[in-house]
Amino acid sequence: MLICWLTFVAFTTWQHVKKTDLPPIFDATEYFLKAKNFWANLHDRRIHNPLNLEPTFRPPGTVVMSYPFGFNTDFHPYFFRSIFFPLLCMAAAVYVVGSHGPNKGSTRWNLALLAIFVTSLPTFYHFERVTDDNSGLCWGLVDNFFAGIACLAAAALMRSLKTLSLRWLIAGSLLAGFCVLVKPAGAVIMLLLSAVWFMALLVRLAGANVSSDERTQVVKMLVRGSLCVTGIEGTTLALCRASHYLSTTNIAYGKDAMRLLRAEWAPSLTPGLMYWQIRSVLGSVFPCMLAAFAVLAIAYWKRIQDRQANWAPSVLWGMVLSAAVCLTTGVWFWLAFSAISQVRYFTPFPLIAFVCVIPIVLRVLEVMPRWQSSPFAWLG
Numbered sequence: 005m006l007i008c009w010l011t012f013v014a015f016t017t018w019q020h021v022k023k024t025d026l027p028p029i030f031d032a033t034e035y036f037l038k039a040k041n042f043w044a045n046l047h048d049r050r051i052h053n054p055l056n057l058e059p060t061f062r063p064p065g066t067v068v069m070s071y072p073f074g075f076n077t078d079f080h081p082y083f084f085r086s087i088f089f090p091l092l093c094m095a096a097a098v099y100v101v102g103s104h105g106p107n108k109g110s111t112r113w114n115l116a117l118l119a120i121f122v123t124s125l126p127t128f129y130h131f132e133r134v135t136d137d138n139s140g141l142c143w144g145l146v147d148n149f150f151a152g153i154a155c156l157a158a159a160a161l162m163r164s165l166k167t168l169s170l171r172w173l174i175a176g177s178l179l180a181g182f183c184v185l186v187k188p189a190g191a192v193i194m195l196l197l198s199a200v201w202f203m204a205l206l207v208r209l210a211g212a213n214v215s216s217d218e219r220t221q222v223v224k225m226l227v228r229g230s231l232c233v234t235g236i237e238g239t240t241l242a243l244c245r246a247s248h249y250l251s252t253t254n255i256a257y258g259k260d261a262m263r264l265l266r267a268e269w270a271p272s273l274t275p276g277l278m279y280w281q282i283r284s285v286l287g288s289v290f291p292c293m294l295a296a297f298a299v300l301a302i303a304y305w306k307r308i309q310d311r312q313a314n315w316a317p318s319v320l321w322g323m324v325l326s327a328a329v330c331l332t333t334g335v336w337f338w339l340a341f342s343a344i345s346q347v348r349y350f351t352p353f354p355l356i357a358f359v360c361v362i363p364i365v366l367r368v369l370e371v372m373p374r375w376q377s378s379p380f381a382w383l384g
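First residue of the sequence shown: 5, per this note's numbering; consecutive thereafter.
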């Protein structure tokens with residue numbers, strides 16, 4: 005079912021993309037130029053550091069989405085990938101974090117529905133730039149691709165939390181580090197994901213029996229995992245700081261750009277305005293679904309716990325804490341650091357929060373009566 009949905013989206017998106025004659029504009033032009041310089045650098049006899057290529061404030065990780073197979077002047081595939089690649093990342097994130105456990109038919113169905121639901125959010129379907137669009141999104145931008153990679157990183161880290169897998173932790177850390185190579189804001193995402201993984205693992209350690217094997221495994225995971233995360237993400241930040249990309253000049257440039265955005269439109273902050281902005285990227289159903297599942301998780305809290313299946317209360321609380329911290333950080337980053345008009349800077353955080361609690365959502369759907377879960381299947 006998910007494959008049919010993604011095939012349909014790919015076909016209809018391409019039909020729309022190939023009709024446009026408008027080349028990349030604004031930020032998309034810079035990603036276009038970055039890809040051109042990146043591939044020209046690879047074919048040059050003397051290869052330069054990709055982080056130092058012009059424009060230096062656009063990192064080379066964007067090339068994975070814009071022109072991954074070589075550069076040409078045809079921008080239509082670039083526009084298509086800017087829409088479709090984030091959908092693939094989000095669908096993969098749902099399966100990475102939710103596929104561990106009994107392979108029941110109902111679980112596979114619920115996974116497919118959740119993947120379809122999250123890949124149908126409005127944020128992924130902003131095509132041509134529209135003047136009165138509150139999101140500030142359009143094809144050619146990397147914001148949704150950035151959100152998709154961040155969600156993949158969160159999914160791998162949450163799976164590591166549940167299974168105590170060092171491999172999934174390394175995968176999550178590499179993906180979190182790659183976020184920095186897609187957008188400068190990736191540094192915030194990378195540090196945030198590392199922090200919530202560490203906090204969630206401490207919660208699990210606190211809930212483990214003193215004499216149990218689980219406690220020993222969690223302690224080993226904390227030590228080994230901390231070393232891996234520090235090594236991977238520390239190296240990434242060091243390389244970026246040593247280059248032109250995250251140089252003092254470019255960081256100052258980014259801060260000045262944010263100040264200009266805040267100065268252009270600085271209305272009074274009200275709940276209605278925040279809802280209107282969020283609605284342009286997440287729609288109305290997504291917040292309602294999160295609230296509904298929060299209520300259901302509280303109602304079925306005792307039933308979703310299962311120590312034999314690794315569903316101890318400490319594991320569940322770790323996931324809840326991770327989601328809450330990500331959501332709170334997102335609100336702060338959006339309102340205090342960026343600007344109310346730039347809701348696209350907020351979008352990755354609620355998506356990451358949702359990914360963190362997908363195992364709990366699936367568990368709730370398993371234990372609740374079928375007549376109660378039917379409305380969620382209909383919404384999906």
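For every residue, glycine included, the Cβ atom is placed at its ideal position computed from N, Cα and C.
Owing to the predicted nature of the structure, the values given are computational and were not obtained by experimental measurement.
Determine the DSSP secondary structure at residue i, reduced to helix, strand or coil.
| i | result |
| --- | --- |
| alanine 175 | helix |
| isoleucine 362 | helix |
| asparagine 56 | helix |
| leucine 125 | coil |
| asparagine 138 | coil |
| histidine 20 | helix |
| valine 347 | helix |
| glutamine 309 | coil |
| tyrosine 82 | helix |
| serine 103 | coil |
| arginine 49 | coil |
| phenylalanine 290 | helix |
| methionine 5 | coil |
| methionine 372 | coil |
| glutamate 268 | helix |
| proline 90 | helix |
| tryptophan 143 | coil |
| glycine 276 | helix |
| serine 247 | coil |
| proline 28 | coil |
| glycine 74 | coil |
| serine 284 | helix |
| leucine 168 | coil |
Measure the Cβ-Cβ separation of residue i and residue j and say whether it is below 9 Å.
| i | j | result |
| --- | --- | --- |
| alanine 175 | isoleucine 356 | no |
| isoleucine 308 | glycine 102 | no |
| serine 3 | glycine 211 | A query on residue 3 cannot be resolved here, the shown segment of the chain reaching from 5 to 384 and no further. |
| valine 200 | valine 329 | yes |
| threonine 77 | tyrosine 35 | no |
| lysine 187 | phenylalanine 131 | no |
| valine 347 | glycine 144 | no |
| valine 98 | leucine 118 | yes |
| alanine 343 | alanine 270 | yes |
| tyrosine 349 | tryptophan 338 | yes |
| cysteine 244 | alanine 191 | yes |
| phenylalanine 128 | asparagine 254 | no |
| alanine 116 | methionine 5 | yes |
| phenylalanine 297 | leucine 331 | no |
| cysteine 292 | alanine 327 | no |
| asparagine 213 | serine 345 | no |
| serine 169 | serine 198 | no |
List the whole-angstrom C-beta distance separating residue i from residue j, where the pair is believed to meet the contact cut-off of C-beta under 8 Å.
| i | j | result |
| --- | --- | --- |
| leucine 57 | lysine 38 | 7 Å |
| methionine 94 | valine 122 | 5 Å |
| leucine 91 | valine 184 | Actually they do not touch by this definition, with Cβ atoms about 22 Å apart. |
| alanine 14 | phenylalanine 89 | Wrong, their Cβ atoms sit about 11 Å apart, outside the cutoff. |
| glycine 229 | leucine 156 | That belief does not hold up - the Cβ atoms of glycine 229 and leucine 156 are roughly 18 Å apart, past 8 Å. |
| lysine 40 | phenylalanine 83 | Contact flag wrong, Cβ pair sits at about 16 Å. |
| methionine 225 | leucine 205 | 6 Å |
| aspartate 147 | threonine 351 | 7 Å |
| phenylalanine 358 | leucine 300 | The pair is not a contact, with the Cβ atoms about 15 Å apart (cut-off 8 Å). |
| phenylalanine 73 | proline 27 | With a Cβ gap of about 19 Å, phenylalanine 73 and proline 27 do not count as contacting. |
| tyrosine 304 | methionine 372 | 6 Å |
| phenylalanine 42 | proline 64 | 6 Å |
CB of residue i to nearest heavy atom of the ligand ADP: below 8 Å?
| i | result |
| --- | --- |
| methionine 194 | No copy of the ligand ADP occurs in the structure displayed, which carries no ligand at all. |
Is it right to say residue i is buried, meaning 16 or more other beta carbons lie within 10 angstroms of its own, or is it exposed?
| i | result |
| --- | --- |
| glutamate 237 | buried |
| isoleucine 153 | buried |
| valine 365 | buried |
| arginine 85 | buried |
| arginine 163 | buried |
| valine 223 | exposed |
| threonine 220 | exposed |
| threonine 17 | buried |
| lysine 166 | buried |
| isoleucine 193 | buried |
| alanine 316 | buried |
| glycine 322 | buried |
| isoleucine 282 | buried |
| alanine 256 | exposed |
| tryptophan 382 | With a pLDDT of 49 at tryptophan 382, under the threshold of 50, the modelled position of that residue is not reliable, and the figure given next carries that caveat. Answer is exposed; the Cβ neighbour count stays below 16. |
| glycine 334 | buried |
Looking at the C-beta of residue i, does it have a partner C-beta in chain B at a distance below 9 Å?
| i | result |
| --- | --- |
| alanine 158 | The displayed structure is made up of one protein chain only, and chain B is not part of it. |
(Q) Which complete alpha helix (DSSP H) runs does the segment 181-237 hold, if anything under 4 residues is left out? (A) 190-211
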